[in-house]
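What follows is a set of notes on a single structure, which appears directly below.
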Amino acid sequence: MDYLEFFDLKENPFRLTPDPFYFYPSGSHNEALSSFNYIVEQKEGFFMCTGEPGTGKTTLLNTFLNTDRWKDRAGIALVLTPRLSPEEFLLTVLEDLNVKVKNTNKNEIIRAFRDFLIENSMFGRRIIIIVDEAQNLPDETLEELRLLSNLETEKEKLLQIVLIGQPELRSRLFSENLKQLNQRITVRTTLMPLTINEASDYINYRLVKAGKGNVVFEDRAKRFIHKLSKGIPRLINLICSRAMMAAYLDMSRQVKKRHVEYAIRHISDVAMPVVKRRKVLKASLLAALLITAFAIAIIMNYDLHITPVADSTHRADRQDAVVKEPPKVDAVNTDKLPGPGIDITARQKTLIVVADTANLRTEPSINAETVTPASKGKVFEITDEFTEIGGRKWYKVKTSEGKEGWIADKAVRLEQGTVPELRAKP
Ligand SMILES: Nc1ncnc2c1ncn2[C@@H]1O[C@H](COP(=O)(O)OP(=O)(O)O)[C@@H](O)[C@H]1O
Ligand SMILES: [Mg+2]
274 MDYLEFFDLK ENPFRLTPDP FYFYPSGSHN EALSSFNYIV EQKEGFFMCT
324 GEPGTGKTTL LNTFLNTDRW KDRAGIALVL TPRLSPEEFL LTVLEDLNVK
374 VKNTNKNEII RAFRDFLIEN SMFGRRIIII VDEAQNLPDE TLEELRLLSN
424 LETEKEKLLQ IVLIGQPELR SRLFSENLKQ LNQRITVRTT LMPLTINEAS
474 DYINYRLVKA GKGNVVFEDR AKRFIHKLSK GIPRLINLIC SRAMMAAYLD
524 MSRQVKKRHV EYAIRHISDV AMPVVKRRKV LKASLLAALL ITAFAIAIIM
574 NYDLHITPVA DSTHRADRQD AVVKEPPKVD AVNTDKLPGP GIDITARQKT
624 LIVVADTANL RTEPSINAET VTPASKGKVF EITDEFTEIG GRKWYKVKTS
674 EGKEGWIADK AVRLEQGTVP ELRAKP
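In this note's numbering, the protein residues as written are 274 to 699.
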């Protein structure tokens, strides 16, 4: 029986994709979506939405785009790779809106764009430019956007502009050369991490969306997940995914605090930078101590129940911190086990990039940001591995410059031997 069958789910409820189907309207997400729709409806001009990475900006954007509300009433240019010069930016926007320009002279581009806007305005059709990851826009391109926002008739703005980005976007706009743009922004909103109640609802909501199934997260586990993730949805998903895997290995349909503890120990430092270091160190130390104590007890043939424990009320908690060994049943498909790094070094520990284009990513997900490209023929040592519930496998590797990231299995071939040996191979 595989993972999904075991929990009676249609799909993994905690995938790391910004899928509008799973959009959970928390207080701040709901407010942001209403503002987004309002500004377009009212032709208000400029809208900015900021939030820490993983708070749901792209999910919000996809939810906005997914509704039928604007389908026939708006032309939308979506810019997802904003490191563009003003000219490149304008051309991308025009291409997205299907506007043909005779030559790429900037004045000509702007004239063509203005004509296009006026024509659309006569038919009551809105034109919206949306930029995701807008903190990456160069200053000159932001300034160009401001100039575009000047395009208006006597009655109304011809263009709605939506900037979505990380908090540094907000702070950048306070700089002297972007002050004018800052003043243009009519509505701004911030996506906040989920509160403890929202996080609990969020987990249930995603489970229901994925088919409800028969899995239950205990309250204690949910509170712990909220504490570890600080309410950031992406981190909640990462932890929940791993915790469910731990529960599955434990043949438990209840996800308990100890499964969360197991999960957090096997999530990469890159994926959970702050949380792991600060909060989990204590739990890991405790777990390590307990494992050592168990080992010593077994070696010395002690019965653990008569081993003196200072405070018996804490014993259950402490034992909770150790996840039982995975059951040795045929039903468990070992290909799908989460991969602690230690196992890998004993097996195949190096890989070679075979794809023409591949990237190292910050997390084991196709949606995670790129750390660095990995060119064909590069050899890396594997330090961890992770299998997505859908079956795709990822390897964590370290580059010779010391950068760490995750690479998808289909881009690589596993090799026997050390990195220097393989690099030396012709
Ligand atoms: N309001 C929400 N409802 C459902 N899932 C969310 C929500 N906010 C974030 N997520 C989930 O969190 C993860 C990260 O969201 P994403 O939109 O990519 O964040 P950001 O763009 O802010 O970095 C995705 O898996 C997404 O499904
Ligand atoms: Mg995003």
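Every residue, glycine too, gets a C-beta built ideally from N, C-alpha and C.
Residue closest to residue i, alpha-carbon to alpha-carbon, out of the options
{"i": "aspartate 281", "options": "Val481, Pro293 and Arg457", "result": "Val481"}
{"i": "aspartate 345", "options": "Asn393, Asp388, Ser638 and Ile402", "result": "Asn393"}
{"i": "proline 693", "options": "Ala305, Thr426, Ile437 and Val652", "result": "Val652"}
{"i": "alanine 519", "options": "His532, Arg507, Leu511 and Cys513", "result": "His532"}
{"i": "leucine 421", "options": "Gly397, Glu471, Asn470 and Glu360", "result": "Glu360"}
{"i": "isoleucine 382", "options": "Gly397, Val366, Thr463 and Arg419", "result": "Val366"}
{"i": "phenylalanine 296", "options": "Ala483, Ile625, Glu642 and Ala350", "result": "Ala483"}
{"i": "methionine 465", "options": "Thr643, Leu454, Ile537 and Gln439", "result": "Gln439"}
{"i": "threonine 656", "options": "His539, Asn303, Thr645 and Val644", "result": "His539"}
{"i": "glutamate 534", "options": "Ile498, Ile505, Asn510 and Asp388", "result": "Ile498"}
{"i": "leucine 624", "options": "Glu688, Pro637 and Lys430", "result": "Glu688"}
{"i": "leucine 695", "options": "Glu636, Lys622, Leu442 and Gly675", "result": "Lys622"}
{"i": "leucine 424", "options": "Val627, Leu390 and Glu636", "result": "Leu390"}
{"i": "tyrosine 521", "options": "Pro646, Ala536, Pro298 and Leu353", "result": "Ala536"}
{"i": "asparagine 371", "options": "Arg384, Asn380 and Ile349", "result": "Ile349"}
{"i": "alanine 628", "options": "Glu636, Ala647, Pro637 and Glu441", "result": "Ala647"}
{"i": "glutamate 658", "options": "Leu357, Glu677, Lys649 and Ser673", "result": "Glu677"}
{"i": "serine 673", "options": "Arg665, Leu363, Trp679 and Glu654", "result": "Glu654"}
{"i": "isoleucine 469", "options": "Ser448, Lys495 and Arg479", "result": "Lys495"}
{"i": "glutamate 368", "options": "Ser358, Phe386 and Asn378", "result": "Phe386"}
{"i": "aspartate 492", "options": "Lys503, Ile401 and Asn477", "result": "Asn477"}
{"i": "cysteine 513", "options": "Lys671, Arg399, Asn285 and Asn450", "result": "Asn285"}
{"i": "cysteine 322", "options": "Leu511, Ile437, Phe447 and Ser448", "result": "Ile437"}
{"i": "leucine 418", "options": "Leu357, Thr377, Leu511 and Tyr276", "result": "Leu357"}
{"i": "isoleucine 312", "options": "Ile403, Met395, Asn376 and Arg479", "result": "Ile403"}
{"i": "arginine 384", "options": "Lys666, Arg399, Leu364 and Glu429", "result": "Leu364"}
Residues that DSSP places opposite residue i in a beta bridge
{"i": "lysine 671", "result": "Glu654 and Glu677"}
{"i": "glycine 504", "result": "None, per the DSSP bridge assignment."}
{"i": "glutamine 433", "result": "Ile401"}
{"i": "glutamate 317", "result": "Its beta-bridge partners do not exist; DSSP assigns none."}
{"i": "cysteine 322", "result": "Ile437 and Thr462"}
{"i": "leucine 687", "result": "Leu624"}
Limits of the unbroken beta strand (DSSP E) element including residue i
{"i": "arginine 258", "result": "Since the first and last residues shown for the chain are 274 and 699, residue 258 lies out of range."}
{"i": "threonine 332", "result": "No beta strand (DSSP E) holds threonine 332; the alpha helix (DSSP H) holding it covers 330-339."}
{"i": "arginine 634", "result": "632-634"}
{"i": "isoleucine 349", "result": "347-352"}
{"i": "valine 644", "result": "643-646"}
Three-state class that DSSP yields for residue i in the structure shown
{"i": "valine 692", "result": "helix"}
{"i": "proline 359", "result": "helix"}
{"i": "alanine 494", "result": "helix"}
{"i": "proline 599", "result": "Because proline 599 carries a pLDDT of 37, less than 50, the predicted location of this residue cannot be relied on, and no value is offered for it."}
{"i": "arginine 620", "result": "Caution applies to arginine 620, whose pLDDT of 46 falls short of 50 and renders its modelled position unreliable; the value that the coordinates give is listed next. Note: arginine 620 maps to coil in three-state DSSP."}
{"i": "arginine 526", "result": "coil"}
{"i": "glutamate 425", "result": "strand"}
{"i": "valine 488", "result": "coil"}
{"i": "threonine 290", "result": "coil"}
{"i": "isoleucine 509", "result": "helix"}
{"i": "glutamate 304", "result": "helix"}
{"i": "phenylalanine 296", "result": "coil"}
{"i": "glutamate 449", "result": "helix"}
{"i": "asparagine 371", "result": "coil"}
{"i": "glutamate 534", "result": "helix"}
{"i": "aspartate 629", "result": "coil"}
{"i": "asparagine 455", "result": "helix"}
{"i": "histidine 499", "result": "helix"}
Enclosing alpha helix (DSSP H) for residue i [first to last residue]
{"i": "threonine 414", "result": "412-422"}
{"i": "proline 637", "result": "Neither: proline 637 is in no alpha helix (DSSP H) and is coded neither H nor E."}
{"i": "serine 473", "result": "469-482"}
{"i": "leucine 390", "result": "379-395"}
{"i": "phenylalanine 280", "result": "276-280"}
Residue-chain proximity (residue i, chain B), Cβ-Cβ < 8 Å
{"i": "arginine 398", "result": "No chain B appears in the structure shown, which is made up of a single protein chain."}
ask   = Is the region 398-418 touching the region 288-306 in the sense that three or more CB pairs, one from each, lie closer than 8 Å?
value = no
ask   = Can you find at least 3 beta carbon pairs, one from the region 675-693 and one from the region 623-635, that sit closer than 8 Å?
value = yes
query = Would the region 467-483 and the region 332-344 be scored as touching if the rule is three or more Cβ pairs under 8 Å?
reply = no
query = Do three or more CB pairs link the region 520-528 to the region 488-501 at distances below 8 Å?
reply = yes
inquiry  = Three Cβ pairs or more, each shorter than 8 Å: is that satisfied between the region 310-330 and the region 454-462?
reply    = yes
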